[in-house]
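Peer 1: Pasting a structure below so you can have a look.
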Amino acid sequence: GGHGGHYGIRRTGLQHISLKLGISNFHTFFQCFDEGFTGESGAVFTFGKSKFADNAPSKFWLKNDVPLRIACGDEHTALVTENGKLFMFGSNNWGQLGLGTKATVNKPTCVKALKSERVKLAACGRTHTLVYTSRGNLYASGGNNEGQLGLGDCDDRTSFHLVDFFSKHGPVKMLSAGSNTSAALMQDGRLYMWGDNSEGQIGLGKESNALTPREVSVGKRVSWVSCGYYHSAFVTVDGALFTFGEKDSGKLGLSKEKLANHKVPQQVTGISDKVVQVSCGGGHTVALTEHEVYSFGLGQFGQLGHGTFIFESRLPRVVEHFRRGRVKRVECGENHTALITDSGLLYTFGDGRHGKLGLGEENFTNQFKPTLCPRFLDYHVHSVTCGGCHMLVLAKPRPEGSEEFILEEEDVTEDYFEKSYTELLGDTATDYKLD
Numbered sequence: 001g002g003h004g005g006h007y008g009i010r011r012t013g014l015q016h017i018s019l020k021l022g023i024s025n026f027h028t029f030f031q032c033f034d035e036g037f038t039g040e041s042g043a044v045f046t047f048g049k050s051k052f053a054d055n056a057p058s059k060f061w062l063k064n065d066v067p068l069r070i071a072c073g074d075e076h077t078a079l080v081t082e083n084g085k086l087f088m089f090g091s092n093n094w095g096q097l098g099l100g101t102k103a104t105v106n107k108p109t110c111v112k113a114l115k116s117e118r119v120k121l122a123a124c125g126r127t128h129t130l131v132y133t134s135r136g137n138l139y140a141s142g143g144n145n146e147g148q149l150g151l152g153d154c155d156d157r158t159s160f161h162l163v164d165f166f167s168k169h170g171p172v173k174m175l176s177a178g179s180n181t182s183a184a185l186m187q188d189g190r191l192y193m194w195g196d197n198s199e200g201q202i203g204l205g206k207e208s209n210a211l212t213p214r215e216v217s218v219g220k221r222v223s224w225v226s227c228g229y230y231h232s233a234f235v236t237v238d239g240a241l242f243t244f245g246e247k248d249s250g251k252l253g254l255s256k257e258k259l260a261n262h263k264v265p266q267q268v269t270g271i272s273d274k275v276v277q278v279s280c281g282g283g284h285t286v287a288l289t290e291h292e293v294y295s296f297g298l299g300q301f302g303q304l305g306h307g308t309f310i311f312e313s314r315l316p317r318v319v320e321h322f323r324r325g326r327v328k329r330v331e332c333g334e335n336h337t338a339l340i341t342d343s344g345l346l347y348t349f350g351d352g353r354h355g356k357l358g359l360g361e362e363n364f365t366n367q368f369k370p371t372l373c374p375r376f377l378d379y380h381v382h383s384v385t386c387g388g389c390h391m392l393v394l395a396k397p398r399p400e401g402s403e404e405f406i407l408e409e410e411d412v413t414e415d416y417f418e419k420s421y422t423e424l425l426g427d428t429a430t431d432y433k434l435d
């Protein structure tokens, strides 16, 4: 067990760490939580250039509401609450926040225009945003240079406009958005995509773009979809993975023969297990099976998680670190990756600029292997979403005496014990409560 042996920590005994590493620090650290905040509803944590406050690692929570889903675009963020409210913040130079202006917003701001409907889903692309409500309405706002809003033209919008098509087709189960692309996955397994197809990234072959939603089909129902910057992927109900779009650097994970047809969905054959999730970043792709994590494409920042000298992998390759079946969620930003395990722990790797890996105030180095985010040891991480220069995490404090969580053998190294805990955590300078 590597260095772990010195401490008599067995693989299953690792939960003791949370008790032995001076967790008292955690409680002073999050004092703010106790001041009239039970923490039960969970907080939203921001890392990197989120445009929230002054870009320092921060957290906020909602008074009388619970954050439910988060989505990051290149430089903007959407937050959907349990009460169906939509909060937006970040860059807005294309009107992607849907607030009627193009002014940058540093504090999560409620989209009042949608107040009469409960928002259920949101997706953020590079410069646009998609939103789906409980009434079955799909809205879009922001940049529209390739028709990615699905409104039949290429004019940008600064407020949310109804995408008519989905009033007749629905209900929607999942949304995704890329650089200039959009995708909506229906509850019945049909997939619609629209926007830029210059690289085949919406799977329509030779067509340059689609200004309204078009069905993309491989004759099987689809269960998951992800739009990367210039490539896309989806998973079918039988566990097959399909990729399409920009074909360089191995990000499609396809053999040479299949790459010739990269403008229509091609099945990735290098994964033996059933695929359940996929996430596409800027130059890389990460797929989750029932037992393993696979990554392929560009790795120069460490975003593949295969170690220091793997700068590119043209075919899917297992990310070593986790025992089988531990990882439950995979998320790619432009050049970084985040994973959540079954016990609610968060791991990040890849481009560390702006502190977006969440590894502490001083730690902006690139990580080439999955790295535990120690500040969340006392939390259960529910979701994570990665943007261009930022990452958002939704987490709730672990109840006292809650289930034991298990770290991986590689997580426990000597420097883990030598660093003072506050240094490991990095100090979160700012806390906010939103009314």
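Residue numbers for the sequence shown follow the UniProt record's numbering, so the first one is 1 and each next one is one higher.
All C-beta atoms in this analysis are idealised placements derived from N, C-alpha and C, irrespective of residue type, glycine included.
Give the straight-line distance between the Cα atoms of ASP196 and PHE47, rounded to the nearest whole angstrom.
Peer 2: For the purposes of this step, residue 196 is taken as the residue at position 196 of the sequence shown. For the purposes of this step, residue 47 is taken as the residue at position 47 of the sequence shown. For ASP196 and PHE47, the distance between alpha carbons rounds to 30 Å.
Peer 1: Could you please give me the residues that DSSP links to ASP196 through a beta bridge?
Peer 2: The sequence position of residue 196 within the sequence shown is 196, counting from 1. Paired residues: ASN209.
Peer 1: Who are GLY245's beta bridge partners in DSSP?
Peer 2: For the purposes of this step, residue 245 is identified with residue 245 of the sequence shown, where counting begins at 1. HIS231.
Peer 1: Going along the chain, which residues of its own chain have a beta-carbon closer than 8 Å to the beta-carbon of LYS173, five neighbours each way excluded?
Peer 2: Along the sequence shown, read from residue 1 onward, the residue named residue 173 stands at position 173. Cβ contact annotation for LYS173 (same chain, cutoff 8 Å, sequence separation greater than five): LEU185, MET186 and GLN187, in chain order.
Peer 1: Could you tell me how far apart the beta carbons of VAL286 and SER279 are, in whole angstroms, since I believe they sit closer than 8 Å?
Peer 2: Taking the first residue of the sequence shown as 1, we reach residue 286 at position 286. Taking the first residue of the sequence shown as 1, we reach residue 279 at position 279. Contact holds; Cβ gap of about 5 Å.
Peer 1: For GLY205 and VAL264, I'd like the C-alpha separation in whole angstroms.
Peer 2: The count along the sequence shown starts at 1 and reaches residue 205 at position 205. The count along the sequence shown starts at 1 and reaches residue 264 at position 264. Straight-line Cα distance between these residues: approximately 5 Å.
Peer 1: Flag this pair as yes or no: are the beta carbons of LEU394 and THR371 separated by less than 9 Å?
Peer 2: Locating residue 394 in the sequence shown gives position 394, counting from the first residue. Locating residue 371 in the sequence shown gives position 371, counting from the first residue. No, the Cβ-Cβ distance between LEU394 and THR371 is not below 9 Å.
Peer 1: From the DSSP output, read off the bridge partner residues of ALA113.
Peer 2: Taking the sequence shown and counting its residues from 1, the one referred to as residue 113 is at position 113. Note: ALA113 sits in no beta bridge, so no partner.
Peer 1: Please report the distance separating the alpha-carbon of PRO213 from that of VAL276.
Peer 2: Along the sequence shown, read from residue 1 onward, the residue named residue 213 stands at position 213. Along the sequence shown, read from residue 1 onward, the residue named residue 276 stands at position 276. In a straight line, the C-alpha of PRO213 is about 24 Å away from that of VAL276.
Peer 1: List the residues that DSSP assigns as beta-bridge partners of PRO374.
Peer 2: Taking the first residue of the sequence shown as 1, we reach residue 374 at position 374. Beta-bridge analysis with DSSP links PRO374 to no other residue.
Peer 1: Write down the C-beta distance between ASN209 and GLY147 rounded to the nearest angstrom, noting that I regard them as a contact closer than 8 Å.
Peer 2: Stepping through the sequence shown from its first residue, residue 209 is reached at position 209. Stepping through the sequence shown from its first residue, residue 147 is reached at position 147. Yes, ASN209 and GLY147 are in contact; Cβ-Cβ is about 5 Å, under 8 Å.
Peer 1: Please work out which residues of its chain come closer than 8 Å, Cβ to Cβ, to LYS102, disregarding the five sequence neighbours upstream and downstream, and give them in chain order.
Peer 2: Mapped onto the sequence shown, residue 102 falls at position 102. Hits under 8 Å: ASN92, ASN93, TRP94, GLY95 and THR158.
Peer 1: My understanding is that PHE60 touches PRO108, with C-beta atoms under 8 Å, so please give their C-beta distance in whole angstroms.
Peer 2: In the sequence shown, counting from the first residue as 1, residue 60 sits at position 60. In the sequence shown, counting from the first residue as 1, residue 108 sits at position 108. Between PRO108 and PHE60 the Cβ distance is about 7 Å, and since that is below 8 Å, they are a contact.
Peer 1: Thinking C-alpha only, which one of SER182, SER198 and GLU199 is nearest TYR192?
Peer 2: Locating residue 192 in the sequence shown gives position 192, where the first residue counts as 1. Of the candidates SER182, SER198 and GLU199, the one whose C-alpha sits nearest the C-alpha of TYR192 is SER182.
Peer 1: Are there 16 or more other CB atoms within 10 angstroms of the CB of THR326, so buried, or fewer, so exposed?
Peer 2: Here residue 326 is taken as the residue at index 326 of the sequence shown, counted from 1. Here residue 326 is Arg; the residue named in the question, Thr, does not match the sequence. Per the 10 Å Cβ criterion, buried.
Peer 1: Threshold first: 3 residues or longer. Then list the beta strand (DSSP E) segments lying entirely within the UniProt repeat "RCC1" (136–188), N to C.
Peer 2: 138–142, 157–162, 172–177 and 181–186
Peer 1: Roughly how many angstroms lie between the CA atoms of LEU425 and ASP153, to the nearest whole one?
Peer 2: Taking the first residue of the sequence shown as 1, we reach residue 425 at position 425. Taking the first residue of the sequence shown as 1, we reach residue 153 at position 153. Confidence is the limiting factor: at LEU425 the pLDDT is only 45, short of 50, which leaves the residue's position unreliable and the question unanswerable from this model.
Peer 1: Can you say whether ASN144 is buried or exposed, counting buried as having 16 or more other CB atoms within 10 angstroms of its CB?
Peer 2: Along the sequence shown, one-based indexing puts residue 144 at 144. With 16 or more Cβ atoms within 10 Å of its Cβ, ASN144 is classed as buried.
Peer 1: Please report the straight-line C-alpha distance between PHE296 and THR243, rounded to a whole angstrom.
Peer 2: For the purposes of this step, residue 296 is taken as the residue at position 296 of the sequence shown. For the purposes of this step, residue 243 is taken as the residue at position 243 of the sequence shown. Roughly 12 Å separates the two Cα atoms.
Peer 1: Tell me the DSSP secondary structure of GLY355 in three-state form.
Peer 2: On the sequence shown, residue 355 is found 355 positions in, with the first residue counted as 1. Reduced to three states, the DSSP call for GLY355 is helix.
Peer 1: With LYS263 as the anchor, note down where its alpha helix (DSSP H) starts and where it stops.
Peer 2: Here residue 263 corresponds to residue number 263 of the sequence shown, with the count starting at 1. Looking at the DSSP string, LYS263 is not in any alpha helix (DSSP H), and its letter there is neither H nor E.
Peer 1: Look at GLY84 and VAL66 and say whether their C-beta atoms are less than 9 Å apart.
Peer 2: Walking along the sequence shown from the start, residue 84 turns up at place 84. Walking along the sequence shown from the start, residue 66 turns up at place 66. No.
Peer 1: Taking just the CA atoms, how far does LYS49 sit from ASN335?
Peer 2: Along the sequence shown, read from residue 1 onward, the residue named residue 335 stands at position 335. Along the sequence shown, read from residue 1 onward, the residue named residue 49 stands at position 49. When rounded, the separation of the alpha-carbon atoms in ASN335 and LYS49 is 14 Å.
Peer 1: Under 9 Å between the Cβ atoms of SER179 and TYR139?
Peer 2: Here residue 179 is taken as the residue at index 179 of the sequence shown, counted from 1. Here residue 139 is taken as the residue at index 139 of the sequence shown, counted from 1. No, they are not a contact pair.
Peer 1: Within the continuous beta strand (DSSP E) that includes ALA71, where are the two ends?
Peer 2: In the sequence shown, residue 71 corresponds to position 71, counting from 1. If you look at ALA71, you'll find it in the beta strand (DSSP E) that goes 67–72.
Peer 1: Looking only at C-alpha atoms, which of ARG314, ASN366, ARG323 and PRO316 sits nearest to THR337?
Peer 2: Sequence index remark: in the sequence shown, residue 337 carries index 337 (1-based). Ranking ARG314, ASN366, ARG323 and PRO316 by Cα distance to THR337 puts ASN366 first.
Peer 1: Among the residues of its own chain, which have a CB less than 7 Å from the CB of LYS247, if the five just before and after it don't count?
Peer 2: Along the sequence shown, one-based indexing puts residue 247 at 247. Residues of the same chain with a CB within less than 7 Å of the CB of LYS247, apart from the 5 flanking positions on each side, are LEU259 and HIS262 in chain order.
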